[in-house]
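Asks: Could you have a look at this structure, given as structure tokens, before my questions?
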Amino acid sequence: MNHCGGCFRPLASSFGEGPRRFSGAGLGVVTLLPATARPADSLPFTEIESRDRKKTTIPAIYPEDSGHRRDKKSESVRNRFLSRSFWVTSIFFLVLALITLLPVSSLSNEVYGVSGETVDFYRGNQLLGEWRVAEAREAVDSLKKAGKAGVATDLLDAHVRFFEGRYSEALKILDDYKLEDSFRDLVKVTSDSAAKFKSREKGRFRVYWDNPRDEVMADEALEALDAAQKALEKELGFVPEGIVRVEIYPGIPEFTAVSTLTRTEVETSGTVGLCKFNRIMIASPRSTVWGYRWLDTLAHEYVHLAIFRMSAGKAPIWIHEGLARHFEGAWRGRTGRETPFALALLTKRFKEGTLIPLEKMSPSVAKLPSAEDTSLAFAQVSTMMAFLAEKKGAERLPELVRLIGKGDDDRKAVEAVWGSSFASFEEEWKEWVRSLPPQESEIEVLGIELRGEGGERALEPGRILDPVAEDYSRLGDMLRSRGRMKASAVEYEKGFGLSPKNPSIVSRYALGRLSLGEYEKALSAVEGVIGIYEDRGVLWSRKGEALMGLGRYGEAYEVFGELMEINPFDEPGRMGLVEAAKKSGKTAEYERQLKLLKILTFEGAAKPHP
-4 MNHCGGCFRP LASSFGEGPR RFSGAGLGVV TLLPATARPA DSLPFTEIES RDRKKTTIPA
56 IYPEDSGHRR DKKSESVRNR FLSRSFWVTS IFFLVLALIT LLPVSSLSNE VYGVSGETVD
116 FYRGNQLLGE WRVAEAREAV DSLKKAGKAG VATDLLDAHV RFFEGRYSEA LKILDDYKLE
176 DSFRDLVKVT SDSAAKFKSR EKGRFRVYWD NPRDEVMADE ALEALDAAQK ALEKELGFVP
236 EGIVRVEIYP GIPEFTAVST LTRTEVETSG TVGLCKFNRI MIASPRSTVW GYRWLDTLAH
296 EYVHLAIFRM SAGKAPIWIH EGLARHFEGA WRGRTGRETP FALALLTKRF KEGTLIPLEK
356 MSPSVAKLPS AEDTSLAFAQ VSTMMAFLAE KKGAERLPEL VRLIGKGDDD RKAVEAVWGS
416 SFASFEEEWK EWVRSLPPQE SEIEVLGIEL RGEGGERALE PGRILDPVAE DYSRLGDMLR
476 SRGRMKASAV EYEKGFGLSP KNPSIVSRYA LGRLSLGEYE KALSAVEGVI GIYEDRGVLW
536 SRKGEALMGL GRYGEAYEVF GELMEINPFD EPGRMGLVEA AKKSGKTAEY ERQLKLLKIL
596 TFEGAAKPHP
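Under the working numbering, think of the first position of the sequence shown as -4, with each following residue one higher.
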């Protein structure tokens, strides 16, 4: 499994933003009570203005756990709902249980004084809240076919269309009712962002992108997702219904607008991928300075989709993230692999007594205060899942998800699989962490560095802690920027002598050796740290250049391919891949990579689909 060692990217973080139980992830549960048992100030209904300007009261759709902003009206509805008395709550959950048990074919029946249309509305909303979108569509279509179309049905239809990826159609319905609220704003910005999407499909996935350069990601994304789907079918028994929608957004502004995250949350946590609103979304690696493991990110988000649907949206954050990280490498045959970096960080923080409590991971790991904390959270929960699978069998992991889907809370489900108390599970896992062999003590967490409006780029990623080594590196950078590479190589070598394990210094030193034709020295230096910092693309770039200089073209091809999994827009790296393919006799790959290189320079970019 490829984790974010030095170039950290939490692959999946707020797929639904809900802390424990998800309720729609963008839709919000429609809450209702029997009309005969509701005090007026507890009504979870709202008033809207229809297209003929008549005001109508319908079951409230408010965005609980949706991640998008709540307006004052919906917040007021929510607060009134939460303040209802215990006896009203009890009646509500009785009705909820009855409605939830109804099959779609039983829609339009009255339940405890609630009208058939309201029951239908709630049932469709409940299905959508579990991302059972095809069934929710069936419910809406059945309502319309039965002549029960109305305001509530139309608005539910708009939500279903949004979850189906039919954004402009959803927006039209909302605008017909002249609605002005946070959900309408979300649909609007999503519809605008998707207006010029191009797409490509394979198997059960359809990938969408906007910027022509992002086309270079399409085929590899589909290949990885197809492999992930087959692996999860084997590991979890999960097969998605319909086509899974995957969207690549060209920049951070577009990504944050549709994901409901803020730029600060992305910068702090490194969150560049989400599974939310029944689809997978990532920010293009072009929006970052150094890239990230985008193929593993896509696979990670697909695991989230599987867990959400299998658990009916009930799995808590730590279970979600633990399983997503555990299975994110399954597409490449690396289920459960922990990187040396992740283990080093885990053992370091364990010794310090600063592990992240599971409860602190909610509502989303994207909201943890630092990239290191987010990286640690992933290391904790993924090793918990790996430990559980190792001790009790890999087949118990899908059982864990199914138990949660049936209503067990996370502790109870773990206890059922573990065969003892949750406390004993945690204690034995901690003993396992304590028994890990010594790891690299000095490690650096490199968060996602986002491009600014001008696309600024530093010479090298990372920090240098040794002040003398930093001075040598700074002088080397100055000489390098003036084209004096031989002189800069001298300064870089001095810094390397002081900090031979710092990845930023190693990259500089290797570059200096490459400029002098000392390929073996460059290769040796990089190989000393790349095992820990395997997500830093610049190290793969240096290694590829060294191998090319040594005439080891087949190895160079593999190394440059690794770089493309981090930053497919690194043009020198893409050129190196083309050259390595040519010189190693990989004719078909040479032609394919040459075509992708032309796309990067807009020579062969696809035209927009109609």
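Glycine is no exception: its CB is placed at the ideal position from the N, C-alpha and C atoms.
Pull up the distance between the alpha-carbon of Phe635 and that of Gly532, whole angstroms please.
Replies: Any question about residue 635 goes unanswered here, given that the chain covers just -4 to 605.
Asks: Please work out which residues of its chain come closer than 7 Å, Cβ to Cβ, to Asn273, disregarding the five sequence neighbours upstream and downstream, and give them in chain order.
Replies: Trp126, Val128, Phe158, listed in sequence order.
Asks: In this structure, how does DSSP classify Arg429 when only helix, strand and coil are distinguished?
Replies: DSSP places Arg429 in helix when its eight states are reduced to three.
Asks: Trp126 lies in the alpha helix (DSSP H); which residues open and close that run?
Replies: Careful: Trp126 lies outside any alpha helix (DSSP H) and carries neither H nor E.
Asks: Quick check on the DSSP output: the alpha helix (DSSP H) that includes Tyr287 runs from which residue to which?
Replies: Run containing Tyr287: none; DSSP gives neither H nor E here.
Asks: Which same chain residues end up closer than 6 Å to Leu589 when comparing Cβ atoms and leaving out the 5 residues on each side of it in sequence?
Replies: Answer for Leu589: Val573, listed in chain order.
Asks: With DSSP collapsed to three states, give me the class of Ile594.
Replies: Ile594 falls in the helix class under three-state DSSP.
Asks: Please tell me whether Thr576 and Tyr552 are closer than 8 Å, where the distance is taken between their beta carbons.
Replies: The sequence shown places Ala at residue 576, rather than the Thr named in the question. Yes; because the gap between Cβ atoms is below 8 Å, this pair is in contact.
Asks: Using only CA atoms, which one of Leu290, Leu338, Gly402, Leu174 lies nearest to Gln375?
Replies: Checking every option, the nearest Cα to that of Gln375 belongs to Leu338.
Asks: To the nearest angstrom, how far is the alpha carbon of Lys425 from that of Ser357?
Replies: If you take the alpha carbons of Lys425 and Ser357, they lie about 21 Å apart.
Asks: The beta strand (DSSP E) spanning Leu269 covers which residue range?
Replies: Leu269 -> beta strand (DSSP E) spans 268 to 271.
Asks: Pull the bridge partners of Tyr244 from the DSSP assignment, please.
Replies: Ala278, per the DSSP bridge assignment.
Asks: By DSSP, does Phe200 sit in helix, in strand, or in coil?
Replies: Here Phe200 sits in strand by DSSP.
Asks: Compare the Cα-Cα distances from Thr185 to each of Pro248, Gly198, Ser137, Asp530 and report the closest residue.
Replies: Thr185 has its Cα closest to that of Pro248, out of Pro248, Gly198, Ser137, Asp530.
Asks: What is the DSSP secondary structure of Val239, counted as helix, strand or coil?
Replies: Three-state result, Val239: strand.
Asks: Could you give the first and the last residue of the continuous alpha helix (DSSP H) run that contains Ile312?
Replies: Looking at the DSSP string, the run of the alpha helix (DSSP H) that includes Ile312 is 312 to 322.
Asks: Between Arg304 and chain B, is there a C-beta pair that is closer than 8 Å?
Replies: The chain inventory of the structure shown lacks chain B, comprising one protein chain alone.
Asks: Please name the residue or residues paired with Lys609 in a DSSP beta bridge.
Replies: Examination of residue 609 is not possible in this model, given that the chain is present from -4 through 605 alone.
Asks: Could you pull the start and end residues of the alpha helix (DSSP H) that Glu486 belongs to?
Replies: Its alpha helix (DSSP H) spans residues 480 to 493.
Asks: DSSP on Arg587, reduced to helix/strand/coil?
Replies: Correct three-state label for Arg587: helix.
Asks: Within this structure, are the beta carbons of Arg469 and Glu439 separated by less than 8 Å?
Replies: Not a contact, by the Cβ cut-off of 8 Å.
Asks: Which of the three DSSP states is assigned to Leu511 in this structure?
Replies: It is coil, neither helix nor strand.
Asks: Can you tell which of Asn206, Ala520, Asp530 has the C-alpha that lies nearest to the C-alpha of Thr596?
Replies: Thr596 has its Cα closest to that of Asn206, out of Asn206, Ala520, Asp530.
Asks: DSSP on Leu441, reduced to helix/strand/coil?
Replies: Strand.
Asks: Report, in whole angstroms, the separation of the C-beta atoms of Ser536 and Gly568, which I expect to be a contact under 8 Å.
Replies: The pair is a contact, with the Cβ atoms about 5 Å apart (cut-off 8 Å).
Asks: If you measure between the beta carbons of Trp285 and Glu444, is that distance less than 8 Å?
Replies: A contact, by the Cβ cut-off of 8 Å.
Asks: Closest to Leu441 by CA distance: which of Pro456, Glu435, Arg429, Leu431 is it?
Replies: Of the listed residues, the one whose Cα sits closest to Leu441 is Pro456.
Asks: If we count Cβ pairs, one from each stretch, closer than 8 Å, do we get three or more for the region 314 to 325 versus the region 383 to 396?
Replies: Yes, the region 314 to 325 touches the region 383 to 396.
Asks: Alpha carbon to alpha carbon, what distance is there between Lys578 and Arg547?
Replies: Taking the straight line from one Cα to the other gives about 9 Å.
Asks: Residues in the same chain with beta-carbon distance under 6 Å from Ile525, minus the five sequence neighbours each way, listed in chain order, please.
Replies: Within the same chain, Ile525 has close Cβ partners Leu534.
Asks: Classify Gly478 as buried or exposed, calling it buried when 16 or more other Cβ atoms lie within 10 Å of its own Cβ.
Replies: By the neighbour-count rule (16 or more Cβ atoms within 10 Å), Gly478 is not buried but exposed.
Asks: Identify whether Glu175 lies in helix, strand or coil by the three-state DSSP scheme.
Replies: Coil, per DSSP.
Asks: Looking at the secondary structure, which residues open and close the alpha helix (DSSP H) in which Ala344 lies?
Replies: For the sequence presented, residue 344 should be read as Arg rather than Ala. Arg344 -> alpha helix (DSSP H) spans 335 to 347.
Asks: What is the DSSP secondary structure of Glu528, counted as helix, strand or coil?
Replies: Checking the displayed sequence, the identity of residue 528 turns out to be Tyr instead of Glu. Residue state, collapsed to three classes: coil.
Asks: Is Ala294 near Ile302, with beta carbons less than 8 Å apart?
Replies: Result no, Cβ atoms of Ala294 and Ile302 do not sit closer than 8 Å.
Asks: Let me check understanding here. Comparing Cα to Cα, which of Ser415, Gly265, Glu423, Asn497 lies closest to Thr369?
Replies: Minimum Cα distance to Thr369 is reached at Gly265.
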